[in-house]
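Protein chains in written order, with UniProt numbering: chain A, 1 to 388; chain B, 1 to 388; chain C, 1 to 388; chain D, 1 to 388. We treat Cβ as the ideally placed atom computed from N, Cα and C, and that holds for glycine. Some notes on the structure that comes next.
There are 4 protein chains.
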Amino acid sequence: MTDLSAVKAALRGQSIELPSWAFANSGTRFKVFGQPGVPRTPQEKIADAAQVHRYTGIAPSVALHIPWDTVDDYAELAAYAREQGVRVGTVNANVFQDDDFKLGSVTNPDPGVRAKALDHLFACIGVMDATGSADLKLWFADGTNYPGQDDVRARQDRLAEALEAVRDRLGPDQRMLLEYKLFEPAFYTTDVPDWGTAYAHCLKLGDQAQVVVDTGHHAPGTNIEFIVAFLLREHKLGGFDFNSRFYADDDLMVGAADPFQLFRIMYEVVRGGGYDPAEGIAFMLDQCHNIEAKIPAQIRSVLNVQEATAKALLVDAGALDAAQRSGDVLGANAVLMDAYNTDVRPLLAELREEDGRDPDPMAAFARSGYLEAIAAERVGGRQAGWGA
Amino acid sequence: MTDLSAVKAALRGQSIELPSWAFANSGTRFKVFGQPGVPRTPQEKIADAAQVHRYTGIAPSVALHIPWDTVDDYAELAAYAREQGVRVGTVNANVFQDDDFKLGSVTNPDPGVRAKALDHLFACIGVMDATGSADLKLWFADGTNYPGQDDVRARQDRLAEALEAVRDRLGPDQRMLLEYKLFEPAFYTTDVPDWGTAYAHCLKLGDQAQVVVDTGHHAPGTNIEFIVAFLLREHKLGGFDFNSRFYADDDLMVGAADPFQLFRIMYEVVRGGGYDPAEGIAFMLDQCHNIEAKIPAQIRSVLNVQEATAKALLVDAGALDAAQRSGDVLGANAVLMDAYNTDVRPLLAELREEDGRDPDPMAAFARSGYLEAIAAERVGGRQAGWGA
Amino acid sequence: MTDLSAVKAALRGQSIELPSWAFANSGTRFKVFGQPGVPRTPQEKIADAAQVHRYTGIAPSVALHIPWDTVDDYAELAAYAREQGVRVGTVNANVFQDDDFKLGSVTNPDPGVRAKALDHLFACIGVMDATGSADLKLWFADGTNYPGQDDVRARQDRLAEALEAVRDRLGPDQRMLLEYKLFEPAFYTTDVPDWGTAYAHCLKLGDQAQVVVDTGHHAPGTNIEFIVAFLLREHKLGGFDFNSRFYADDDLMVGAADPFQLFRIMYEVVRGGGYDPAEGIAFMLDQCHNIEAKIPAQIRSVLNVQEATAKALLVDAGALDAAQRSGDVLGANAVLMDAYNTDVRPLLAELREEDGRDPDPMAAFARSGYLEAIAAERVGGRQAGWGA
Amino acid sequence: MTDLSAVKAALRGQSIELPSWAFANSGTRFKVFGQPGVPRTPQEKIADAAQVHRYTGIAPSVALHIPWDTVDDYAELAAYAREQGVRVGTVNANVFQDDDFKLGSVTNPDPGVRAKALDHLFACIGVMDATGSADLKLWFADGTNYPGQDDVRARQDRLAEALEAVRDRLGPDQRMLLEYKLFEPAFYTTDVPDWGTAYAHCLKLGDQAQVVVDTGHHAPGTNIEFIVAFLLREHKLGGFDFNSRFYADDDLMVGAADPFQLFRIMYEVVRGGGYDPAEGIAFMLDQCHNIEAKIPAQIRSVLNVQEATAKALLVDAGALDAAQRSGDVLGANAVLMDAYNTDVRPLLAELREEDGRDPDPMAAFARSGYLEAIAAERVGGRQAGWGA
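Listed below in structure tokens is the structure:
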């Protein structure tokens with residue numbers, strides 16, 4: 001039997017980080033469809049993110065993306081976030097949109113370009129120092145499009161060198177989180193294509209380096225929860241970039257494509273101790289809204305993670321263990337599915353009401369008039385983001 | 001034994017169509033890397049395409065993309081092409097970059113948007129009338145991102161209605177070529193996701209409707225040459241959009257990722273009669289150069305198709321048939337591989353020299369100074385293409 | 001609002017067919033793990049299948065597989081089934097386990113082998129005549145392993161010829177259901193690899209030929225519910241072989257790998273009229289139990305289909321249509337997800353109790369002692385099935 | 001410029017290991033098609049393997065599979081091999097075909113089964129001691145079919161424990177080679193599913209543990225040559241199981257599905273120093289012949305590896321490096337492709353003639369009458385292998 005009050009307590013401690021860029025325009029290579037009220041400044045993105053936290057209560061931090069969120073005074077930006085009821089979270093380094101990075105950033109064959117990329121990474125650590133952010137998230141678009149284009153192994157040497165330099169620059173309470181991705185924008189080799197590559201580098205870098213699992217960055221058929229379980233066992237799981245996909249890196253709302261997979265991932269997180277704050281896992285969203293309204297889509301994603309977490313917490317661990325140990329294939333599967341098939345929405349509504357929130361965050365936000373207000377106010381200017 | 005003079009004659013008759021947009025800037029959703037000398041007008045794209053034909057001798061036509069290649073006077077554009085030594089080929093309709101098409105074009109739930117999309121398709125037929133183009137290529141980005149977002153079946157009804165309207169507008173010597181694509185930019189359903197869907201619609205539309213196979217538009221593991229063989233048997237193969245991919249729709253240079261697959265495709269084309277001009281197959285390139293120089297990359301792609309074709313023509317049909325009929329698995333495979341393993345570059349160099357061309361088109365173009373000239377001349381203005 | 005009594009009535013009309021071979025031993029190429037009590041005769045398989053119907057009430061028919069289920073007197077077998085409370089359903093033709101079929105059956109390059117295969121198909125129609133079965137299910141393992149091994153197009157000619165001969169032999173109330181499969185056991189080309197190929201053949205064969213969708217037979221990323229919706233629109237969907245997979249044709253229990261996909265499929269069935277008995281869709285299970293107890297696994301699969309169907313029936317069609325028409329992406333998705341997230345198990349338990357059944361079929365069967373009884377009784381003899 | 005005499009010398013030093021099981025019957029889960037002359041004893045398998053070496057000159061060792069190749073006196077078997085002109089190579093442990101291993105071997109939830117599995121692994125080391133084999137190859141079919149079936153993390157603990165026990169038993173000149181595989185026969189989780197998992201375990205196990213790359217064991221889209229380059233950089237690549245695939249683990253002849261990929265792999269081997277005997281890479285074949293004659297298919301595979309190696313050795317390293325460093329995407333790709341497009345068959349024929357062999361191994365073996373002889377002699381008895 002699962003203890004419902006313990007489940008509720010665990011759910012109250014949940015913390016999901018929102019990406020500032022999810023509030024700005026984004027899209028596919030074919031078209032970026034704009035939306036009314038799109039933020040024009042980092043502050044406006046933070047204000048939008050604060051709305052998500054206001055209605056869900058479990059999204060208290062916002063990740064920055066540099067240079068998209070460049071400001072003159074980062075301490076001031078952090079203070080602004082606190083005023084909005086949230087805080088600045090992970091700092092994401094962008095070394096893929098400068099013309100110099102056409103053939104790579106930290107793995108570029110040109111030492112001058114590599115130095116430029118490294119300078120940007122150092123600058124991001126500077127932003128962390130100013131905002132109090134603890135985590136530097138590193139995703140490298142580096143790779144090649146054609147066989148022979150560059151030396152695969154030399155690029156690993158360059159990568160290792162850059163990562164070491166970053167590690168040496170980190171403060172004692174700061175981490176570097178290394179993200180992997182199978183492909184895109186590189187189409188032949190990618191320099192950090194899978195968890196094994198990220199893990200191997202992080203192992204050498206030491207305790208301040210950990211792996212980030214973006215749920216959309218795997219080959220078809222990859223069992224993501226296995227990776228999660230494995231990295232937790234090694235204490236090398238640094239965090240998640242949650243989103244969902246049917247095909248490639250579709251970057252759809254979390255839980256939209258395969259809610260059962262999201263549940264299985266959250267189950268392994270819980271089972272492996274990753275839900276314990278002491279483990280330090282950063283639960284981040286990273287999705288690319290193209291056709292849906294951004295703030296409600298972030299609320300929906302947060303709720304989807306929350307529902308999957310509630311189901312994972314509801315798994316009867318004792319019954320599952322007994323069935324597993326006795327080799328009862330159908331019985332063990334049934335214990336897990338019983339939790340998944342439970343409709344946890346009433347439980348979560350109750351939880352919200354107990355905490356003084358509206359039981360239906362989507363409806364409450366819709367009623368608030370916020371979307372209409374920003375559409376009216378945010379006229380002119382240019383959105384700060386993606387293709388900015 | 002294969003008759004080499006017949007092979008050469010067949011190779012002399014080859015005709016590959018270049019896409020105007022391949023000469024303009026393009027890229028991934030993360031970044032479009034610009035290049036010096038990028039064309040600013042449809043005329044400049046045609047001039048660049050003419051260079052490819054000049055050095056290869058087998059790329060005599062250029063596909064247009066509307067509205068990227070919009071001009072006031074299409075007849076004049078066609079005349080310009082002829083002056084350059086090429087001709088205007090297929091007209092490609094773009095109904096995916098207008099804000100109104102966010103939720104689809106011809107399958108949009110809004111009838112007003114559907115009408116707007118159809119008007120654009122009619123306008124493209126107008127361009128065909130003016131330029132003498134015979135083929136209208138239809139690729140629809142239409143689809144949905146989320147389960148439930150729209151009615152999958154109703155979208156098929158709308159699609160069928162639009163396609164019929166287009167068919168009714170075609171002149172007697174015009175065709176419509178329907179392209180399919182598994183995903184992107186739609187990430188849950190795509191309205192024409194596979195050859196079966198395209199085929200079923202074309203069958204109802206009649207003889208003027210045929211299927212286009214883009215070699216990058218399939219699920220992993222799909223046997224493309226099977227589709228080619230099947231459609232040829234049904235006389236429903238209208239043409240190809242050649243490019244190559246390791247992962248999704250990577251749009252790399254033709255033959256760069258899997259030259260053996262390209263050979264197998266060309267073998268089925270030859271075997272199924274698709275190389276006979278009477279069959280009317282349009283051999284088009286459609287690739288998206290992001291990091292490589294565009295004109296040389298088009299030359300490389302044309303040469304790769306030519307080499308694969310030469311190998312396909314070299315297959316000893318008699319020996320293959322005998323081995324197949326006798327159930328000699330290893331023997332039949334060996335006949336095919338013998339052709340593939342042949343280095344046809346000397347044969348093709350000889351062919352070019354016999355025709356008064358430089359035996360090495362890549363080197364000849366590089367020596368010509370054309371790239372340096374356009375980089376110097378084409379300063380200012382804005383490229384006409386992709387995100388234009 | 002959905003009418004619950006209508007949902008219940010619809011669920012009472014559900015009919016899922018069980019495969020006789022699912023009760024016999026089966027496995028992977030690496031090992032077939034046997035189980036105690038495995039059926040030694042077709043009658044014992046039917047008896048086991050009848051247990052599934054007894055506890056679920058919605059599995060009233062059993063598919064045969066010839067020659068695995070060969071008996072001297074098929075009318076007697078049909079009578080035996082009726083005594084057990086079920087009936088004989090689809091007849092499945094096996095033309096892949098005879099040594100002569102090494103290079104194919106109906107598409108074999110050897111005309112003698114083709115004739116032998118056709119004779120077997122005719123014999124299966126004879127079984128249908130004797131048992132009163134209405135449907136002949138055709139899955140061909142035919143294909144090639146190596147490029148060049150056989151002529152892809154000639155194999156289509158041979159396939160078409162065989163299918164026409166089968167069609168001509170069918171009685172007026174009989175159907176042929178053509179199944180497709182991407183790969184395995186053929187690893188280069190498969191002669192009916194996808195729905196498009198099956199559809200094209202069925203179209204020419206006329207009204208008595210329809211396509212079967214096996215949910216495990218697609219390339220990664222294929223949107224199966226799109227195919228279902230498309231075939232229903234064309235009235236060419238003949239039925240399903242339900243099972244589930246994470247990777248290839250894993251043949252796991254239905255709904256075990258992706259319950260959300262199963263729901264989406266059943267939603268398209270309902271939406272497209274396929275749940276109406278008049279449409280004649282055969283809902284069959286086809287899974288390959290290797291490590292789990294077979295009868296309980298079939299009960300579990302039937303329940304999983306039932307739960308997915310209940311959720312599909314609960315979708316608020318009016319609300320969905322309104323959201324779709326207004327372009328409300330998040331709203332439309334939410335309507336669908338609301339049904340999916342509903343825990344329908346209490347509703348189904350209530351339904352069973354109203355019908356005089358145990359509310360928990362798995363537990364009731366476990367209590368019955370049937371498994372223990374057959375393990376004790378069925379000693380000696382050889383199982384009739386798979387590798388028999 | 002590449003030095004041809006150095007290329008020839010390198011090719012003369014090549015050594016490819018043959019799997020004993022490739023000469024026995026094998027197949028798919030649907031059917032194992034037998035062949036005349038199939039070996040009935042380990043000795044007959046070795047005799048067949050010796051034929052491959054006789055005609056190619058580069059296949060001097062044969063891997064054993066225990067228990068398929070169980071004999072009373074392994075020293076005698078090793079002596080027999082030497083008489084045949086070959087030697088016993090890697091010992092492959094089979095812990096997947098005993099009924100006790102239904103839910104796993106070394107990761108089974110039952111400690112008794114785990115002990116039994118470990119005993120078998122120790123017995124395999126005994127075979128190594130007796131035959132002088134240096135390498136123990138470990139492939140575990142262990143995994144689960146259903147979510148919840150067993151504890152993913154506990155299975156890693158059990159795996160680590162077993163691997164340590166094996167490592168402790170190894171002699172100082174022996175290695176353990178850990179193979180990974182994405183799926184099959186397990187269909188939900190596999191305990192060693194990818195190179196990252198194998199690498200992480202090997203790292204902890206120390207210098208005597210290395211990773212084996214089976215070219216058919218990856219998710220669609222995986223860049224295998226990247227893995228090869230990465231493991232070589234870490235000195236953790238122990239060897240290859242070569243075969244080829246279009247879909248899953250098809251186990252086709254090496255180089256049959258994607259000869260360009262095989263070339264790219266061999267290029268990374270050469271570039272990363274893996275072709276140097278001092279690196280100790282074991283180049284093994286592992287394929288599953290179902291419809292093709294086994295000995296000729298092994299010859300074909302050896303020749304395909306040899307051709308890919310020759311092309312890899314022909315790459316102009318200086319020109320490639322210069323183009324890569326200057327960021328010349330098309331130029332660098334062209335250097336690599338120039339080698340790949342070269343027809344190396346004349347060079348290899350010349351090499352064989354210089355060494356006193358027939359220039360055409362396939363034809364020479366066919367002329368030898370060996371196949372006819374074994375078909376006549378090996379009558380009766382039962383094949384020793386796969387499903388034996």
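* **Cβ-based neighbour list, D/P36, same chain, cut-off 7 angstroms, excluding 5 preceding and 5 following** => In chain order, A375 place their CB closer than 7 angstroms to the CB of D/P36, counting only its own chain and leaving out the 5 sequence neighbours on each side.
* Ordered along the chain, which non-local residues of its own chain (more than five positions away) have a Cβ less than 7 angstroms from that of D/H120? -> A93, V95.
* Asked: What number of angstroms, rounded off, separates the C-alpha of C/R378 from the C-alpha of C/K45?
  -> One C-alpha to the other measures close to 12 angstroms.
* With a cut-off of 8 angstroms, do at least 3 Cβ pairs link the stretch 73 to 84 of chain D to the stretch 136 to 148 of chain D? -> The stretch 73 to 84 of chain D vs the stretch 136 to 148 of chain D: no contact.
* Any residues in the stretch 100 to 126 of chain D with a beta carbon nearer than 8 angstroms to a beta carbon of chain B? Which ones, in chain order? -> The residues in question: there are none.
* Scan the stretch 159 to 219 of chain D and note each continuous beta strand (DSSP E) run of 3 residues or more that stays entirely inside, going in chain order. => Those beta strand (DSSP E) runs which fall completely within the stretch 159 to 219 of chain D and span 3+ residues are 175 to 179, 209 to 214.
* Kindly say whether C/D343, judged by its beta-carbon, lies nearer than 9 angstroms to any beta-carbon of chain A. => Yes, because at least one Cβ of chain A sits closer than 9 angstroms to the Cβ of C/D343.
* For the candidate residues A/L203, A/Q149, A/D129, whose alpha-carbon lies nearest to that of A/G171? -> Closest by alpha carbon: A/D129.
* Proximal residues to C/L159 (C-beta, below 8 angstroms), its chain only, five neighbours per side dropped -> Correct list, in chain order: V106, T107, F140, D142, D191, V192, H201.
* Asked: Curious, which full-length beta strand (DSSP E) runs of at least 3 residues does the stretch 39 to 124 of chain C contain?
  -> With a minimum length of 3 residues, the continuous beta strand (DSSP E) runs that stay inside the stretch 39 to 124 of chain C are 61 to 66, 87 to 93.
* At which residues does the beta strand (DSSP E) containing D/K137 begin and terminate? -> Looking at the DSSP string, the run of the beta strand (DSSP E) that includes D/K137 is 135 to 138.
* To do: Taking only beta carbons into account, state which residues of the stretch 211 to 223 of chain D come closer than 7 angstroms to chain C, listed in chain order.
  => Using a CB distance below 7 angstroms, the part of the stretch 211 to 223 of chain D facing chain C consists of P220, ordered along the chain.
* Cβ of C/M284 within 9 angstroms of Cβ of C/D250? -> Not in contact: C/M284 and C/D250 (Cβ atoms no closer than 9 angstroms).
* Asked: Does the separation of the CB atoms of C/R357 and C/T56 fall below 9 angstroms?
  -> Closer than 9 angstroms, so yes.
* **Residue-chain proximity (B/A63, chain C), Cβ-Cβ < 9 angstroms** => No, B/A63 does not count as interfacial toward chain C.
* chain B partners of D/A293, CB-CB under 9 angstroms? -> Those are V329, L330, listed as they occur along chain B.
* **Continuous alpha helix (DSSP H) stretch holding D/F230: start and end** => It spans 224 to 233 - the alpha helix (DSSP H) in which D/F230 sits, taken as one unbroken run.
* **Counted within 10 angstroms of its Cβ, other Cβ atoms place B/A9 as buried (16 or more) or exposed** => Taking a 10 Å sphere around the C-beta of B/A9, we find fewer than 16 other C-beta atoms and assign the residue as exposed.
* To do: Using three-state DSSP, classify B/M253 as helix, strand or coil.
  => In the structure shown, the three-state DSSP call for B/M253 is coil.
* To do: Locate the beta strand (DSSP E) running through C/A282, then write down its first and last residues.
  => It spans 282 to 285 - the beta strand (DSSP E) in which C/A282 sits, taken as one unbroken run.
* **Reference C/T309; option with closest CA among C/L347, C/G238, C/A134** => By alpha-carbon distance to C/T309, the top candidate from C/L347, C/G238, C/A134 is C/L347.
* **Bridge partner(s) assigned by DSSP for C/G318** => Answer is none; C/G318 lacks a bridge partner.
* Asked: How many angstroms separate the CA atom of A/P147 from the CA atom of A/D286?
  -> Looking at the two C-alpha atoms, the distance is approximately 30 angstroms.
* Counting pairs of Cβ atoms below 8 angstroms between the stretch 231 to 241 of chain D and the stretch 196 to 215 of chain D, do you hit three or more? -> Taking one beta carbon from each stretch, the stretch 231 to 241 of chain D and the stretch 196 to 215 of chain D have 3 or more pairs nearer than 8 angstroms; the two touch.
* Cβ distance (whole Å) where B/P109 is taken to contact B/D150 below 8 angstroms -> Between B/D150 and B/P109 the Cβ distance is about 6 angstroms, and since that is below 8 angstroms, they are a contact.
* To do: Please name the residue, chosen from D/L77, D/F260, D/I281, that lies closest to D/V269 on a Cα-to-Cα basis.
  => Nearest neighbour of D/V269 by Cα position, chosen from D/L77, D/F260, D/I281, turns out to be D/I281.
* At what residues does the alpha helix (DSSP H) containing C/G331 begin and finish? -> 329 to 341 is the extent of the alpha helix (DSSP H) around C/G331.
* Contacts of A/F260 in chain C (Cβ-Cβ under 7 angstroms) -> The answer, in chain order, is D258, P259, F260.
* To do: Grab me the residues of B/P67's own chain with a C-beta within less than 7 angstroms of its C-beta, minus the 5 sequence neighbours each way, in chain order.
  => Contacts found: N94.
* To do: Compare the C-alpha of B/D207 against each of B/S244, B/E164, B/H217 and name the closest.
  => Just measuring C-alpha positions, the residue of B/S244, B/E164, B/H217 sitting nearest B/D207 is B/E164.
* Spatially closest choice to D/I299 from D/N341, D/G255, D/G274, D/A162, by CA coordinates -> Closest option to D/I299, Cα to Cα, is D/G255.
* Assuming A/F246 and B/F183 form a contact by the criterion Cβ under 8 angstroms, report the distance between their Cβ atoms to the nearest whole angstrom. => Separation of the CB atoms of A/F246 and B/F183 is rounded to 7 angstroms, and the pair is thereby assigned contact status at 8 angstroms.
* Asked: In terms of residues, what are the limits of the alpha helix (DSSP H) holding C/F260?
  -> Looking at the DSSP string, the run of the alpha helix (DSSP H) that includes C/F260 is 259 to 271.
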